[in-house]
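Comments concern the structure below.
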Amino acid sequence: MNKELTYSLEVLGVTRRNVITLLDELSYDQLIEIPKGFNNSILWNAVHNLTVQQLLCYRLSGLECRVDDRFIDPFKKGTSGSEKISEELITEFKQVYLETIDLLKKDYELGVFQSFQEYTTSYNITLRSVDEVINFNNTHEGLHYGYMMALRKLV
0 MNKELTYSLE VLGVTRRNVI TLLDELSYDQ LIEIPKGFNN SILWNAVHNL
50 TVQQLLCYRL SGLECRVDDR FIDPFKKGTS GSEKISEELI TEFKQVYLET
100 IDLLKKDYEL GVFQSFQEYT TSYNITLRSV DEVINFNNTH EGLHYGYMMA
150 LRKLV
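Residues 0 to 154, numbered by numbering that gives the first Met the number 0, are exactly what the sequence shown covers, in order.
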């Protein structure tokens, strides 16, 4: 893994630890509240980050995601964020959220990302490789971390 990708994964780790700190500061009710005028909750934004990283890195490479579908289907792009998630699943999510950084690094180093289906994001960035996904993913996760910080002021 080159220096740039190593750095991107370091940034991802910092962002995800910041998200977990934010989640830990709020009650369950605050995490799942969808403020008036918004489509989703703080918790949805957090799990959505994991979902998108898994779909972009793994599914677009023709591979199975490395997390349970409970963290994928309800949090895909276009979902409403209205599905309830248990407190136990939140605890599991926090662990998986951090573990998937090392899993991605190991999978990359093992060379599992052999093919990639080109994809243009709603951000209007075309991704042509898993390397590009790893770099772009920080933009996506930072964007949603910003949404979470704004939502925190409303719950």
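Just so you know, even glycine gets a beta-carbon here, dropped at the ideal spot from N, CA and C.
In this structure, the straight-line span from the alpha carbon of V66 to that of R15 is close to 16 Å. Considering only N38, E140, L126, N134, the residue with the shortest C-alpha distance to G80 is N38. Bounds of the alpha helix (DSSP H) holding Q94 are 86 to 109. Under the 8 Å Cβ criterion, the stretch 28 to 42 does not count as touching the stretch 56 to 73, having fewer than three qualifying pairs. Just so you know, the alpha carbons of E117 and N136 end up roughly 15 Å apart. Contact annotation: V95 and F74 have beta-carbon atoms that are not nearer than 7 Å. Taking C-beta separations shorter than 8 Å and ignoring five residues to either side along the sequence, the partners of L4 in its chain run Y107, D130, I133, N134, following chain order. Annotated as distal: I124 and L8, with beta-carbon spacing of 7 Å or more.
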